[in-house]
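This report concerns only the one structure given below.
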Amino acid sequence: MATPLGVRKTLFPIFAFNLEVARAPWVTKEPLIAEMRLQWWQDVLSEISDGRAVRRHEVATPLASSLTPAAAEALKAVVEARRHDIYPEPFETKADFQAYIHATSGCLIRVAAQALGPADDQVLANFGYATGIANYLKALPELTEAGKTHMPDTNEGAVQLLAHEALLNLRLARKARGKISKKAGYALLTGWQSGAVLAAYAKQPQANAHRGDRRGVRLSGLRLLWRSLLRRW
1137 MATPLGVRKT LFPIFAFNLE VARAPWVTKE PLIAEMRLQW WQDVLSEISD GRAVRRHEVA
1197 TPLASSLTPA AAEALKAVVE ARRHDIYPEP FETKADFQAY IHATSGCLIR VAAQALGPAD
1257 DQVLANFGYA TGIANYLKAL PELTEAGKTH MPDTNEGAVQ LLAHEALLNL RLARKARGKI
1317 SKKAGYALLT GWQSGAVLAA YAKQPQANAH RGDRRGVRLS GLRLLWRSLL RRW
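Number 1368 in the numbering used here belongs to position 232 of the sequence shown; there are no gaps in the numbering.
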């Protein structure tokens, strides 16, 4: 692993929570059941933010040890945004879609990083947005097949512009690395491939859309370790 044991102990429950919430709209075709699954996680976060006893669960129980009440309250935005994944309708505007990315990836990155150490909100917002767009573009072929693309416009020009804009966010974040403490930076390693993904889609979106996550931009485990040691998130 590319992070110290103590860091993993904090981050794993947070990212496991995100996985559970992201999966909830997809594990059933019944909207009501999906809504109930998401509400279950909202209730878990309320228990943590209110300082109440947290229900016993393989993810919820350790999550309570990773989050402050304020962080738990902040993560409610992730759950709320994921409600949109239940339904096929795309966002009406690009701004609405971008707000969704900020509420999911951006919020998650901010909470995870600041659970480890001091980190600037704006730098985290830029990095979280770029990572969210990269992950979205990798998933776009599957989302299109499922009829849940989210984006108001998925033509080649729109995808290319989205990738270009996210690259700018990523560059701004990386230029301000000094505003992210070493320990908080471990959380940002989750987006270590974002630059390569975004650059590929900015150059040739249609070709990469057919490759999905199987494009030749994967870096080795040794490369990830190198990035971790040099803080090259």
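C-beta: ideal position from N, C-alpha, C; glycine also.
For residue i, three-class secondary structure by DSSP
i     : result
A1255 : strand
H1300 : helix
H1220 : helix
G1371 : The requested residue 1371 is not part of the displayed model; the chain covers only 1137 to 1369.
D1232 : helix
P1341 : helix
P1149 : helix
N1291 : coil
G1348 : The predicted position of G1348 is uncertain, since its pLDDT is 48 and thus under 50; a value taken from the coordinates is nonetheless stated next. Looking at G1348 - three-state DSSP - the assignment turns out to be helix.
A1248 : helix
V1353 : Note that V1353 scores 44 on pLDDT, short of 50, meaning its location in the model is unreliable; the coordinates nonetheless yield the value given after this. Correct three-state label for V1353: coil.
T1240 : helix
P1277 : helix
T1267 : helix
E1225 : coil
T1326 : helix
Minimum Cβ-Cβ distance from residue i to chain B less than 7 angstroms
i     : result
P1341 : No chain B appears in the structure shown, which is made up of a single protein chain.
Distance between beta carbons of residue j and residue i, contact taken as under 8 angstroms
i     : j     : result
R1218 : A1158 : 6 angstroms
G1314 : W1369 : The pair is not a contact, with the Cβ atoms about 13 angstroms apart (cut-off 8 angstroms).
I1316 : A1255 : 5 angstroms
L1334 : L1306 : 7 angstroms
A1251 : S1202 : 6 angstroms
Y1337 : L1279 : At roughly 14 angstroms, the Cβ-Cβ gap does not stay under 8 angstroms, so Y1337 and L1279 are not in contact.
E1171 : I1237 : Wrong, their Cβ atoms sit about 21 angstroms apart, outside the cutoff.
L1211 : L1181 : 6 angstroms
V1382 : A1323 : Here the chain has residues from 1137 to 1369 only, and residue 1382 is not among them.
P1149 : P1198 : 4 angstroms
Length of the line joining the Cα atoms of residue i and residue j
i     : j     : result
E1194 : G1264 : 26 angstroms
A1299 : C1243 : 20 angstroms
M1287 : T1229 : 8 angstroms
F1233 : V1295 : 13 angstroms
A1207 : P1161 : 23 angstroms
L1304 : D1179 : 36 angstroms
K1165 : V1190 : 29 angstroms
A1196 : F1153 : 7 angstroms
W1328 : G1268 : 12 angstroms
L1297 : D1289 : 11 angstroms
T1146 : L1168 : 32 angstroms
D1257 : A1249 : 10 angstroms
A1270 : S1330 : 5 angstroms
G1142 : N1291 : 44 angstroms
E1301 : L1308 : 11 angstroms
G1293 : A1200 : 43 angstroms
F1227 : Q1342 : 21 angstroms
Q1340 : A1332 : 12 angstroms
A1261 : K1284 : 25 angstroms
I1184 : E1281 : 37 angstroms
Identified DSSP bridge partners for residue i
i     : result
I1316 : A1255
Checklist line | Minimum length 4: unbroken alpha helix (DSSP H) runs contained in the stretch 1158-1206 | finding: As far as the stretch 1158-1206 is concerned, its whole alpha helix (DSSP H) runs of at least 4 residues are 1167-1185 and 1196-1202.
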